[in-house]
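Inspection log for the structure reproduced underneath, given as structure tokens.
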DNA sequence: CCTGGCACTCAGAAAGCGGGAGTGCTAAGA
DNA sequence: TCTTAGCACTCCCGCTTTCTGAGTGCCAGG
């Protein structure tokens, strides 16, 4: 870890803050004026020269000011950044958004929009994989003779549903019975567990299994299979906010970035990475390891249900983002979401 | 309506097709070569001059080729365009996408992604308002003493759900009973209808109403209320495809366009407009009436459930899109979706 | 070790300059 | 009367040139 004189630190901090504020390379003169430093531009130039040697800042070209490098940003967030608490108004407006009695799935999805709105960057949310959750109940509902609606409820209140087309018509009574048998057998076990049992049950296909239960198993298996290949567990909102940043307006890069938002693969990996440890994590530029994100920084924080990390929320923006503000917001959001999802929580 | 000599029509058609293909203003010489015309560039220039007077084409500047105006495009799609059927391969790949046993809601949502993939433009989908649909069944499921999951199933197989927090704990048996009573009273009626009755029931709050039914009404009312203020009924996908078109790469316009995708207000109005009549509709540039869309064309088609128009699918792209292809795709998609959503449909 | 001074560098804007694509017009030919 | 070849003209585009100003590095004096 680099160590700097207090003066150099102060200067670096001022420089980065200035650059974050207006995106222009900052020169010695402006820096002195803006930060109200008590030494001269020439001195500042000397110090900046040192900082450049350390790889913390660089000039885009000979006679421009200096710009932070990724290392500079990293040093900044690691040791210079004082994360100041959000003002109470921001806090209140965030809290408001978690007071609704929403279906948890929808609440989670809405968080990406929330984050993008308050940060004016792109918000992302990693939705929990449902496999580990407990299975609560299965219902069959006849829509028409050939179409049966299967509703599967998990213990955390998430609901999955799917229309299936059984090979022969079933009466409502038969369906009811099938559901009862099924629920009796599996209620309370984890989805993963149920899934494994189902696969085994289908393979063995034992004679002693009642016809109706086998149908239930088949149907439910379809639902699980659908869940498996299912929708991407990642939501992105507010991509268009990023168009406001000139440093991201290179069309080719922009396209790559937006493609990454659509493909979701890279982001998903990044968010999975951030699920292993608690608290806010920050990936600056190439640190993420993904080319499409090399002009961006990503700030993430995992959220929990009943003490167990199940997903991640985050924000994607240009490297020159207001880290202090963004960090506070992401952190608070993750905690509010955890609170809203955990049991024993009153509405 | 303008009327043109057959030669002029042929020329205009060739010019627009050429311009759609490569986005460059097209001059008399290239036009002769490209379209294999049997007259000379000079003649072409004369005809182009006429077309320009009619406002169908224009030069961006003195010595560039010609570019279609909106009027030109309009004439093109109205009278010159022979919508050729899609090749069987495209048809097959589209049809494939509608064969899955999906929850209708999800199927509808996925169509915007489908459209954006096959057209390489932005796909949009207007989701049905649910109020008119018939109500099928309500279920209460106890998640914890203070949290009850309400599951509402509509006759078209759509499922809405929401966690509510009743004022006092209810036993599973009570909940079951409430659901039974409720379903007995309302099953088969339209959501709109149920909603109205609920409001009335709550107001009157009659003594003869059993306590448990009243709770059911209250809970269900919460669900309906949630549905009311509910999520935006519009889905957009593949916005990033539009970044590939240089004519849309003006940052300011792009930003407006993407903001329109996020705000959804304008698009929603446009799609509602297109729901009033059947078949494909095309809005070229300013025809849509929305500033953000003035560099774009929008192609839409409504889809139906059991003969009733309930929503719209569409595509947003630059004015120079392959109208024939896009029209075919949007049309077919709308029809496949209608088929997949209508009853009596085998899987 | 700080600071004023000074020469130097270089991006970016403004200006100048072909080259070339494409036009409109005219006059001759069918 | 319609078509076509010819030709002068226009004006965008890409190129180079020039100029300016912001900012630097370095030196020498405090």
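Protein chains in written order, with this note's numbering: chain V, 8 to 354; chain P, 8 to 354. Glycine included, each C-beta is placed from N, C-alpha and C at the ideal position.
By DSSP, does residue i sit in helix, in strand, or in coil?
i	result
residue 193 of chain V	helix
residue 52 of chain P	helix
residue 30 of chain P	coil
residue 279 of chain V	helix
residue 309 of chain P	strand
residue 143 of chain P	strand
residue 127 of chain V	coil
residue 319 of chain P	strand
residue 288 of chain P	strand
residue 156 of chain P	strand
residue 248 of chain P	helix
residue 118 of chain V	helix
residue 94 of chain V	coil
residue 345 of chain V	helix
residue 236 of chain P	Legend: pLDDT at residue 236 of chain P = 48, less than 50; position of this residue unreliable, value from coordinates given subsequently. Of the three classes helix, strand and coil, the one that applies to residue 236 of chain P here is coil, per DSSP.
residue 324 of chain P	strand
residue 295 of chain V	helix
residue 105 of chain V	coil
residue 111 of chain V	helix
residue 75 of chain V	strand
residue 150 of chain P	strand
residue 169 of chain P	strand
residue 134 of chain V	coil
residue 268 of chain P	helix
residue 161 of chain P	strand
residue 175 of chain V	coil
residue 11 of chain P	coil
residue 352 of chain V	Per-residue confidence for residue 352 of chain V stands at a pLDDT of 47, beneath the threshold of 50, marking its modelled position as unreliable; the derived number appears in the next sentence. If DSSP states are grouped into helix, strand and coil, residue 352 of chain V belongs with coil.
residue 83 of chain V	helix
residue 46 of chain V	coil
residue 304 of chain V	strand
Using the beta-carbon count (16 or more within 10 Å), is residue i buried or exposed?
i	result
residue 95 of chain P	exposed
residue 411 of chain P	As shown, chain P starts at 8 and ends at 354. That puts residue 411 of chain P outside it, with no answer to give.
residue 126 of chain V	buried
residue 315 of chain V	exposed
residue 191 of chain P	exposed
residue 152 of chain V	exposed
residue 70 of chain V	exposed
residue 75 of chain V	buried
residue 295 of chain P	buried
residue 33 of chain P	buried
residue 25 of chain V	buried
residue 135 of chain P	buried
residue 209 of chain V	exposed
residue 12 of chain V	exposed
residue 43 of chain P	exposed
residue 146 of chain P	buried
residue 281 of chain P	buried
residue 46 of chain P	exposed
residue 346 of chain V	exposed
Under 8 Å by Cβ, that's how I've got residue i and residue j pegged, so tell me the actual separation to the nearest angstrom.
i	j	result
residue 129 of chain V	residue 255 of chain V	Their Cβ separation, rounded to whole angstroms, is 10 Å, which puts residue 129 of chain V and residue 255 of chain V out of contact at 8 Å.
residue 322 of chain P	residue 122 of chain P	6 Å
residue 1 of chain P	residue 157 of chain P	Because residue 1 of chain P is not part of the residues shown, which for chain P are 8 to 354, the question remains open.
residue 198 of chain P	residue 228 of chain P	So it is not a contact: roughly 12 Å between Cβ atoms.
residue 330 of chain V	residue 319 of chain V	Actually they do not touch by this definition, with Cβ atoms about 18 Å apart.
residue 111 of chain V	residue 195 of chain V	Their Cβ separation, rounded to whole angstroms, is 19 Å, which puts residue 111 of chain V and residue 195 of chain V out of contact at 8 Å.
residue 327 of chain P	residue 27 of chain P	5 Å
residue 343 of chain P	residue 105 of chain P	5 Å
residue 266 of chain V	residue 247 of chain P	6 Å
residue 72 of chain P	residue 253 of chain P	At roughly 16 Å, the Cβ-Cβ gap does not stay under 8 Å, so residue 72 of chain P and residue 253 of chain P are not in contact.
Does the beta carbon of residue i fall short of 7 Å from some heavy atom of the ligand NAP?
i	result
residue 283 of chain V	No copy of the ligand NAP occurs in the structure displayed, which carries no ligand at all.
Validate contact between the region 283–301 of chain V and the region 143–152 of chain V using beta carbons, cut 8 Å, 3 pairs: Result no; under three Cβ-Cβ pairs closer than 8 Å.
Determine, using beta-carbon pairs with one atom in the region 43–62 of chain P and one in the region 70–80 of chain P, whether at least three such pairs fall under 8 Å. Counting Cβ pairs under 8 Å, three or more are found: they touch.
Cβ pair count under 8 Å reaching 3, the region 98–106 of chain V against the region 334–351 of chain V: Yes: at least three Cβ pairs fall under 8 Å.
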